[in-house]
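Novice:
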Amino acid sequence: MQRFIGQLTGVRAVAATWVMLYHYQAVLASIGLLIPVVHDFLRVGRLGVDLFFALSGFILTHTYLTKLGPGFSWSKSRHFLWLRLARIYPVHFVMLNVAGIAVVAQAKFGGADAASRDWLNPTDYLKQVLLIHEWGPNPQRGWNFPAWSLSMEWLAYLIFPLLVLLLFRFHRKLPTSAIAAAWGVVLLPLLIYGIAYGGDPYYISDWGSTLRILTEFTAGALTYLVVERFWNQTEQGPRPRVERLATTLSVALPVVIVLGSVLLGRVSSLQWSTSDLPDTPNAADLPPKWHLILVPLLIAWIGSLALSSRGVSKFLSTDKLILGGFISFSLYMTHTVWYGLWRAAMKVVGISGGPLYAIGAVGLFVGAFVIAWLMWRFIEEPAREWMRSRSGERSKPVEELAIEGT
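Start counting at 1 in the sequence shown, then tack on 13, and there's your number in the working numbering.
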């Protein structure tokens with residue numbers, strides 16, 4: 014059976030929670046938990062999506078390198094794409110419609126102007142259904158806006174059956190040093206864009222989203238090629254000194270990332286201001302400029318975790334973290350709609366501060382995970398198992414069979 018990398022499933026829980034807390038910063042500030050260092054780290058919490066992109070490249074290469082890499086096959090490519098749709102589409106479609114209903118309900122009962130949302134139209138809905146809404150130089154986000162990353166993932170999936178042909182030949186013919194050099198070359202355009210582009214704090218415009226997925230997904234795939242070389246050094250896996258170094262890096266890299274986020278958050282010239290973005294009243298809460306320079310550290314962290322079985326990797330491989338990884342996609346897809354409903358409910362009952370607000374905040378965070386579990390348990394998994402069975406695959410994917418020991 015294929016190797017199950019439990020710690021990388023645990024990382025999915027970390028990534029989704031990081032993104033969720035990034036969106037919930039205002040609540041944390043209201044209850045006094047958004048202290049300076051925490052604020053600096055959460056301001057770059059959108060990088061949790063970049064971590065997902067790289068993880069996707071790593072795991073898909075791990076799973077399909079020898080299945081799709083030797084030669085192109087239309088039937089195998091179609092099968093691959095169907096399985097990827099089974100992974101992302103059921104929750105996407107449900108939340109797309111839930112978000113639309115929530116917007117209309119808010120307009121009807123909460124006084125919000127649905128007409129001001131120019132994306133609330135059949136054309137943009139169809140783009141969302143087809144997962145092409147983020148394609149292009151200036152994409153239109155709306156509906157359930159976290160789904161922008163699914164549109165980018167779908168683009169990567171469409172390209173992957175061709176990319177894996179190149180990855181397979183890299184794996185067979187190039188030395189590890191050359192693959193590592195290719196890793197750096199692939200990420201260079203992202204770093205240049207992240208430093209030089211100053212028109213958008215979210216790095217969406219001018220093909221920013223496309224650049225992020227293509228570079229980070231490919232870098233994650235190349236990271237797997239490097240890791241695979243060390244996995245097979247001995248019958249037991251990597252040599253002890255390699256695992257010791259990986260274990261050290263698995264601890265050191267998150268520390269460097271946190272310190273880097275603090276440094277970026279404290280350099281005045283790297284902060285957005287209302288003069289930069291006159292239509293954004295809370296520019297101080299935006300991610301600092303240059304925050305994409307942390308992405309290579311996140312991708313290197315994936316590699317270090319995969320080569321280690323101790324310390325952070327052992328923690329991320331615990332049952333609770335793996336369960337968190339399983340529900341992470343549903344958490345990512347549901348947390349913003351839940352946040353909007355929570356804010357509307359708090360407004361209706363007139364709670365905006367004090368002990369009752371703190372109690373409500375606990376309900377917000379607990380509710381986000383409960384809703385994610387319910388979505389995973391009763392929609393994501395049953396729909397995915399049904400779609401997988403239609404293609405002749407096991408109803409449960411390999412990673413879940415492995416963790417259950419079957």
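Even glycine gets a Cβ: it sits at the ideal position worked out from N, Cα and C.
Threshold first: 4 residues or longer. Then list the alpha helix (DSSP H) segments lying entirely within the segment 187-217, N to C.
Specialist: 189-209
Novice: Note down the Cα distance separating L109 from R130, rounded to an integer number of angstroms.
Specialist: Within the sequence shown, the letter at position 96 stands for residue 109. Within the sequence shown, the letter at position 117 stands for residue 130. Their Cα atoms are separated by approximately 15 Å.
Novice: Taking G155 as the reference, which of A115, D63, L299 has the closest Cα?
Specialist: Residue numbering aside, residue 155 sits at position 142 when the sequence shown is read from its first letter. For G155, the nearest C-alpha among the options comes from A115.
Novice: Tell me which residues share the same chain as L318 and place their Cβ nearer than 6 Å to its Cβ, disregarding the 5 neighbours each side in the sequence.
Specialist: If you number the sequence shown from 1, residue 318 lands on position 305. Only Q20, S263, S326 meet the Cβ criterion.
Novice: For V57 versus H304, is the C-beta spacing smaller than 7 Å?
Specialist: If you number the sequence shown from 1, residue 57 lands on position 44. If you number the sequence shown from 1, residue 304 lands on position 291. Yes. Within cutoff.
Novice: Identify which residue in F230, L377, Y77, I392 has its Cα closest to the Cα of L68.
Specialist: The residue given as residue 68 occupies position 55 in the sequence shown. Checking every option, the nearest Cα to that of L68 belongs to F230.
Novice: Where I306 and V362 are concerned, what is the direct C-alpha to C-alpha distance, given to the nearest angstrom?
Specialist: Within the sequence shown, numbered from 1, the residue matching residue 306 stands at position 293. Within the sequence shown, numbered from 1, the residue matching residue 362 stands at position 349. Using only the alpha carbons, I get a separation of about 43 Å.
Novice: Is it buried or exposed, G367, if we count other Cβ atoms within 10 angstroms and call 16 or more buried?
Specialist: Position 354 of the sequence shown holds residue 367. Answer is exposed; the Cβ neighbour count stays below 16.
Novice: Determine the burial state of R100: buried for a count of at least 16 other Cβ atoms within 10 Å of its Cβ, exposed for fewer.
Specialist: Position 87 of the sequence shown holds residue 100. R100 should be labelled buried.
Novice: Provide the residue span of the alpha helix (DSSP H) that contains E1, from first to last.
Specialist: Given a span of 14 to 419 for the chain in the structure shown, any question on residue 1 remains unanswerable.
Novice: Exposed or buried, what is G84 when buried is set at 16 or more other beta-carbons lying within 10 Å of its beta-carbon?
Specialist: Numbered from 1 along the sequence shown, position 71 holds the residue referred to as residue 84. G84 comes out exposed.
Novice: Go through the segment 306-382 residue by residue and report every complete run of the alpha helix (DSSP H) that reaches 4 residues or more, in order.
Specialist: 308-319, 325-329, 332-361
Novice: For the candidate residues L235, G211, T223, whose alpha-carbon lies nearest to that of A191?
Specialist: In the sequence shown, the residue the question calls residue 191 occupies position 178. Nearest of L235, G211, T223 to A191, Cα basis: L235.
Novice: Does DSSP classify I44 as helix, strand or coil?
Specialist: The residue you call residue 44 lines up with position 31 of the sequence shown. Three-state DSSP puts I44 in coil, outside helix and strand.
Novice: Within 10 angstroms of its Cβ, does K333 collect 16 or more other Cβ (buried), or is it exposed?
Specialist: Taking the first residue of the sequence shown as position 1, residue 333 is located at position 320. It counts as exposed.
Novice: According to DSSP, is P150 helix, strand or coil?
Specialist: Sequence index remark: in the sequence shown, residue 150 carries index 137 (1-based). Of the three classes helix, strand and coil, the one that applies to P150 here is coil, per DSSP.
Novice: When you compare only the Cα positions, how much space is there between L387 and K302?
Specialist: Translated into the one-based positions of the sequence shown, residue 387 becomes position 374. Translated into the one-based positions of the sequence shown, residue 302 becomes position 289. Separation of L387 and K302 (C-alpha to C-alpha, rounded to the nearest whole angstrom) is 37 Å.
Novice: Which residues in the same chain have their Cβ closer than 7 Å to the Cβ of V240, if we skip the five residues on either side of it in sequence?
Specialist: For the purposes of this step, residue 240 is identified with residue 227 of the sequence shown, where counting begins at 1. Only residues of its own chain outside the window of five on either side were considered, and among them G316, A319, L320 have a CB closer than 7 Å to the CB of V240, listed in chain order.
Novice: Using the rule of at least 16 other Cβ atoms within 10 Å of the residue's Cβ for burial, across every protein chain shown, is I208 buried or exposed?
Specialist: As a working note, residue 208 is residue 195 in the sequence shown. Classification for I208: exposed.
Novice: Are the beta-carbon atoms belonging to R97 and Y170 less than 7 Å from one another?
Specialist: Your numbering for residue 97 matches position 84 in the sequence shown. Your numbering for residue 170 matches position 157 in the sequence shown. Yes.
Novice: Are V271 and F54 close, meaning C-beta to C-beta below 7 Å?
Specialist: Taking the first residue of the sequence shown as position 1, residue 271 is located at position 258. Taking the first residue of the sequence shown as position 1, residue 54 is located at position 41. Cβ distance < 7 Å, so V271 and F54 count as in contact.
Novice: May I ask you to report which of helix, strand or coil DSSP gives S282?
Specialist: For the purposes of this step, residue 282 is taken as the residue at position 269 of the sequence shown. Of the three classes helix, strand and coil, the one that applies to S282 here is helix, per DSSP.
Novice: Mind checking V104: buried by the 16 CB within 10 Å criterion, or exposed?
Specialist: Position 91 of the sequence shown, counted from the start, is the residue given in the question as residue 104. Label assigned to V104: buried.
Novice: Would you say V177 and L238 are within 7 Å of each other, going by their C-beta atoms?
Specialist: On the sequence shown, residue 177 is found 164 positions in, with the first residue counted as 1. On the sequence shown, residue 238 is found 225 positions in, with the first residue counted as 1. Not a contact, by the Cβ cut-off of 7 Å.
Novice: Between which two residues does the alpha helix (DSSP H) harbouring L143 extend?
Specialist: Stepping through the sequence shown from its first residue, residue 143 is reached at position 130. Per DSSP, L143 belongs to the alpha helix (DSSP H) from 135-143.
Novice: Counting Cβ pairs closer than 8 Å, one from the segment 350-365 and one from the segment 375-387, do we hit at least three?
Specialist: Between the segment 350-365 and the segment 375-387, the count of C-beta pairs closer than 8 Å reaches three or more; the two stretches touch.
Novice: Excluding five sequence neighbours on each side, which residues of the same chain lie with their C-beta closer than 6 Å to the C-beta of M400?
Specialist: Here residue 400 is taken as the residue at index 387 of the sequence shown, counted from 1. Excluding sequence neighbours, M400 sits near A99.
Novice: Can you check whether the CB of A259 is closer than 7 Å to the CB of I312?
Specialist: By 1-based counting over the sequence shown, the position of residue 312 is 299. By 1-based counting over the sequence shown, the position of residue 259 is 246. No, the Cβ-Cβ distance between I312 and A259 is not below 7 Å.
Novice: Does the structure place the segment 192-206 close enough to the segment 41-55 that three or more beta carbon pairs sit under 8 Å?
Specialist: no
Novice: For W167, does the count of other Cβ atoms within 10 angstroms reach 16, so buried, or fall short, so exposed?
Specialist: Counting from 1 along the sequence shown, the entry for residue 167 is found at position 154. The residue is buried, with at least 16 neighbouring Cβ atoms inside 10 Å.
Novice: Mapping the DSSP letters down to three states, classify P300 as helix, strand or coil.
Specialist: Within the sequence shown, numbered from 1, the residue matching residue 300 stands at position 287. Note: P300 maps to coil in three-state DSSP.
Novice: Considering only residues of the same chain and omitting the five flanking positions on each side of D219, which have a CB-CB separation below 6 Å?
Specialist: What you label residue 219 is simply residue 206 of the sequence shown in a count that begins at 1. Closer than 6 Å at Cβ, skipping near neighbours: P150.
Novice: Considering only the beta carbon of each residue, do H146 and S164 sit closer than 7 Å?
Specialist: As a first step, residue 146 is located in the sequence shown; it is residue number 133 there, counting from the start. As a first step, residue 164 is located in the sequence shown; it is residue number 151 there, counting from the start. Yes, they are a contact pair.
Novice: What is the residue span of the alpha helix (DSSP H) that D63 lies within?
Specialist: Here residue 63 refers to the residue found at position 50 of the sequence shown. Taken as a continuous stretch (DSSP letters only), the alpha helix (DSSP H) holding D63 covers 60-81.
Novice: Helix, strand or coil: how does DSSP classify E394 here?
Specialist: Along the sequence shown, read from residue 1 onward, the residue named residue 394 stands at position 381. Looking at E394 - three-state DSSP - the assignment turns out to be helix.
Novice: Distance check for K89 and V51, CA to CA, integer angstroms please.
Specialist: On the sequence shown, position 38 is the one that residue 51 refers to. On the sequence shown, position 76 is the one that residue 89 refers to. Spanning the two alpha carbons is a distance of roughly 45 Å.
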